[in-house]
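The structure appears below as structure tokens.
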Amino acid sequence: MPMLRSRVLLLENANQLLLSFPALVKRMEVKDPQFLPSLFQWIEQAEQLLLEHRLPACAALSGIKARLLAPLHDHTTRSSRRKKQIQVACDNLFVIQSSLQEAVAAQRQNIEQASELLAQLFSLLAKSSADNGNGLHYRQNESVTAFAKRLWYLICHHEQLSGSAVQLRSLLSDSDIELLIAQQVDLEMFSPEA
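So the sequence shown is numbered by the numbering used here: it starts at 851 and just counts up by one.
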């Protein structure tokens, strides 16, 4: 059975790539000679990310890259091949970034839904822990990852919260849920002093 890839990490890496895209546009704007190599590097990184997560949108990026390379193989014209490449790149910049953005849109939506549900669960669990005094508490010497695992275990096995666990599992894998918990939990909510 193939190993599951983290949707959370996919989204984080895609966000990093998308946030670097304005710098590419700026390079194009100022006619930086490194624009094309930088664009090809960006496309390669985006392709690799999508390929690692087995998302077919990597083929769309490969198709755009083929359009960018086509002028290099055009032997019928005397005009500058590099200028043609730059023109094709300029014409396709929006399509390039939107290909990656659209490829991760479903994952983004799942993660946002899971985050909202987790925020509600954190509130319920923190209030419950504060009310009964012997609930789930974060220990100072405990890693956030270990606490996230305990929190997820409690959600899964709690009679009233197990339905929420099923909902979360319909959106993300267990490891992604634990990662999201570790990223989003406010440890102060679960400290014994709270």
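Glycine residues also receive a C-beta, built at the ideal position from the N, C-alpha and C atoms.
For the segment 914-949, not one full-length beta strand (DSSP E) segment reaches 3 residues or more. For R1000, the enclosing alpha helix (DSSP H) covers residues V994 to H1007.
For E1038, no alpha helix (DSSP H) encloses it, and the DSSP letter there is neither H nor E. In summary, E1009 is exposed, with fewer than 16 beta-carbon neighbours lying within 10 Å of its beta-carbon over all protein chains present. Setting aside the 5 residues that flank it on each side, A1015 is surrounded in the same chain by I1005 and C1006, each with a C-beta closer than 6 Å to its C-beta; the list follows chain order. Note that the C-beta distance between I961 and L868 is not below 7 Å.
By the Cβ-count criterion, Y1003 is exposed, with fewer than 16 other Cβ atoms from all chains shown falling within 10 Å of its own Cβ. As summarised for the segment 857-901, the continuous alpha helix (DSSP H) elements at least 4 residues long and confined to that stretch are 857-879, given in chain order. In the three-state reduction of the DSSP assignment, Q990 falls in the coil class, being assigned neither a helical nor a strand state.
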